[in-house]
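Below: the structure, in structure tokens.
Number of protein chains: 2
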Amino acid sequence: MSDNVKATNITWHEATVGREDREKLHGHRAACLWFTGLPSSGKSTIALEVENLLHAQGCHTIVLDGDNIRHGLNKNLGFSPEDRAENIRRIGEVANLFVEGGTIVMTAFISPYREDRDMARALVPEGRFFEIHVDCALDICEERDPKGLYKKARAGEIKDFTGIDAPYEAPKNPEIVIDTGALSLEESAQRVIDALKESGILP
Amino acid sequence: MSDNVKATNITWHEATVGREDREKLHGHRAACLWFTGLPSSGKSTIALEVENLLHAQGCHTIVLDGDNIRHGLNKNLGFSPEDRAENIRRIGEVANLFVEGGTIVMTAFISPYREDRDMARALVPEGRFFEIHVDCALDICEERDPKGLYKKARAGEIKDFTGIDAPYEAPKNPEIVIDTGALSLEESAQRVIDALKESGILP
């Protein structure tokens with residue numbers, strides 16, 4: 032067995048299932064759709080709507096957001112600049128694993144720092160990273176405030192809240208911009224789908 | 032838009048694509064195959080062979096191993112007991128995300144501590160975690176030693192090496208045991224496939 036395994040080690044390095052094999056099986060290319068924007072700008076909502084549309088046409092998808100990351104993989108991280116950077120680093124690494132797995136992975140996190148987003152971009156193969164700026168005016172985000180977080184931040188009960196007392200660095204050259212103050216949810220999601228078709232991610 | 036998004040927030044929580052939707056699309060159930068065993072016991076080799084067989088029949092798979100985890104997500108972890116535990120915790124969380132994504136995810140790590148493996152098991156839905164003990168005598172593993180690590184550990188150049196000067200706690204009730212001293216690679220992989228059929232993961 033010892034020699035067998037060694038011999039096989041050589042063999043399987045050639046025969047290993049790779050991203051392209053999985054993409055062929057799935058019928059579409061893999062990509063990372065990185066949604067970024069202020070709290071309550073609509074990142075998760077749009078990502079989940081895009082997922083609905085993609086799943087309906089047989090695409091392989093996953094959405095990473097606060098619900099499944101902050102309570103799981105990143106539950107041991109806080110909101111200091113170092114922890115925010117590590118938060119985004121881990122999400123970028125996991126997103127890249129899903130790209131390797133042939134999936135269209137969507138990440139919906141504020142990800143306020145340009146440097147951190149660029150780090151995530153660098154982890155993903157060229158042409159497979161789509162930075163999507165969910166661009167919504169602060170006053171509209173604050174008016175929505177479904178979890179009452181802006182209110183708490185204004186009252187000083189939450190510190191380092193992006194948009195209030197922590198910075199948000201808007202993307203300079205995002206692949207997609209969605210103005211959720213002007214577009215409906217359906218139009219927003221369709222804009223993403225169109226971009227995936229134009230770039231050849233979708234057939 | 033503000034009211035639209037709020038209303039949609041309520042809607043998509045019902046319409047969100049879930050694991051079962053993805054399993055229906057993929058044509059098989061999701062599972063985590065957790066390979067554990069001594070260094071050079073054959074964990075990665077068998078996992079990659081299982082992946083080849085599964086991919087050939089159209090299953091959605093990924094293998095997490097040292098190559099894509101230790102150099103990526105977990106590159107900021109060492110080999111202290113705390114770091115080993117955090118290493119396994121993160122792998123367990125990522126494996127669970129892949130299960131959520133409808134994938135058959137295989138993890139190939141020594142994962143020497145029972146407590147850590149039980150923690151990983153607890154993260155994955157009931158009935159979807161398969162602990163696979165790649166059971167191989169130490170002297171056979173040491174004889175294989177494709178990377179010369181046992182040799183370095185014996186020479187004292189590597190500390191805390193599992194099997195030499197760090198413990199390996201064998202699983203007490205693994206779902207699958209593979210004796211790679213007695214089975215060929217093909218037989219080993221087939222044993223895993225058979226178990227997946229018996230348990231209904233594969234149709």
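From first to last, the protein sequence lines are chains A and B. Quick note on this note's numbering: the first sequence kicks off at 32 and runs consecutively. Quick note on this note's numbering: the second sequence kicks off at 32 and runs consecutively. Just so you know, even glycine gets a beta-carbon here, dropped at the ideal spot from N, CA and C.
1) Answer with yes or no whether the minimum CB distance from residue 179/A to chain B is below 7 Å.
2) So what does DSSP say about residue 173/A, is it helix, strand or coil?
3) Give me the Cα-Cα distance between residue 196/A and residue 170/A, rounded to the nearest whole angstrom.
4) Which residue's Cα is closest to the Cα of residue 80/B: 69/B, 185/B, 93/B?
5) What residue ranges within the stretch 80–152 of chain A form continuous beta strand (DSSP E) runs of no fewer than 3 residues, ordered along the chain?
6) What are the residues in the stretch 124–135 of chain B lying within 9 Å of chain A by C-beta distance?
7) Cβ closer than 8 Å: which chain B residues qualify as neighbours of residue 103/A?
8) Enumerate in chain order the residues of its own chain whose CB-to-CB distance from residue 130/B is below 8 Å, with the five nearest sequence positions on each side excluded.
9) Can you name the start and end residues of the alpha helix (DSSP H) that residue 180/B belongs to?
10) Does residue 138/A come within less than 7 Å of chain B when only Cβ atoms are used?
11) Have a look at 234/A, 188/A, 53/A, 167/A and flag the residue whose alpha-carbon is nearest the alpha-carbon of residue 214/A.
12) With distance defined between alpha-carbon atoms, name the residue in 82/B, 91/B, 185/B, 150/B nearest to residue 219/B.
13) Going along the chain, which residues of its own chain have a beta-carbon closer than 7 Å to the beta-carbon of residue 231/A, five neighbours each way excluded?
14) Give a yes or no on whether 7 Å exceeds the smallest Cβ distance from residue 93/B to chain A.
15) Check whether the Cβ atoms of residue 175/A and residue 71/A sit closer than 7 Å, and answer yes or no.
16) Tell me which residues share the same chain as residue 78/A and place their Cβ nearer than 6 Å to its Cβ, disregarding the 5 neighbours each side in the sequence.
17) Alpha carbon to alpha carbon, how far is residue 52/B from residue 206/A? Give it in angstroms, no decimals.
18) In whole angstroms, give me the CA-to-CA distance for residue 132/B and residue 209/B.
19) Using 10 angstroms around the beta-carbon of residue 97/A, count the other beta-carbons present and answer buried if the total reaches 16, otherwise exposed.
20) Return no unless some Cβ of chain B is closer than 7 Å to the Cβ of residue 48/A.
21) If I measure Cβ to Cβ from residue 186/A and keep anything under 6 Å in the same chain, skipping five residues before and after, which residues do I get?
22) Quick one: Cα of residue 47/B to Cα of residue 87/A, how far?
23) Can you give me, in chain order, the residues of the stretch 66–84 of chain A that have a beta carbon less than 7 Å from any beta carbon in chain B?
24) List the endpoints of the continuous alpha helix (DSSP H) containing residue 232/A.
25) Interface residues of chain A around residue 56/B at Cβ under 8 Å?
26) For a test of the three-state rule: what should DSSP assign to residue 76/A, helix, strand or coil?
27) Cβ closer than 9 Å: which chain B residues qualify as neighbours of residue 118/A?
28) What are the start and end residues of the alpha helix (DSSP H) that includes residue 191/A?
29) In chain B, what lies closer than 8 Å to residue 99/A by C-beta?
30) State the DSSP-derived secondary structure class of residue 224/A, mapped to helix, strand or coil.
31) Could you check what DSSP says for residue 56/A in three-state terms: helix, strand or coil?
32) Tell me where the beta strand (DSSP E) around residue 167/A begins and ends.
33) With burial defined as no fewer than 16 other Cβ atoms inside 10 Å of the residue's Cβ, what is the status of residue 164/A: buried or exposed?
Taking the coordinates as given:
1) no
2) helix
3) 15 Å
4) 93/B
5) 92–96, 135–139
6) 124, 125, 127, 128, 129, 131, 132, 133, 134
7) 124, 127, 128, 154
8) Non-local beta-carbon contacts of residue 130/B in its own chain, meaning distances under 8 Å to residues more than five positions away in sequence, involve 50, 61, 62, 63, 136, 155, 156, 159 in chain order.
9) 180–185
10) Not closer than 7 Å to any Cβ of chain B, the Cβ of residue 138/A fails to qualify, so no.
11) The residue with the shortest Cα to Cα distance from residue 214/A is 167/A.
12) 82/B
13) 60
14) yes
15) yes
16) Here the set comprises 66, 94, 137, 139.
17) For the pair residue 206/A and residue 52/B, the Cα-to-Cα distance works out to about 29 Å.
18) 27 Å
19) exposed
20) yes
21) none
22) Here the alpha carbon of residue 47/B sits roughly 11 Å from the alpha carbon of residue 87/A.
23) 73, 76, 79, 80, 82, 83
24) First-last for residue 232/A: undefined, no H or E at that position.
25) 86, 89, 91
26) helix
27) Residues of chain B with a Cβ closer than 9 Å to the Cβ of residue 118/A do not exist; the shortest Cβ-Cβ separation is about 12 Å.
28) Where residue 191/A is concerned, there is no enclosing alpha helix (DSSP H), given that its DSSP letter is neither H nor E.
29) 128, 131
30) Three-state DSSP puts residue 224/A in a helix.
31) helix
32) No beta strand (DSSP E) contains residue 167/A, which DSSP labels as neither H nor E.
33) buried
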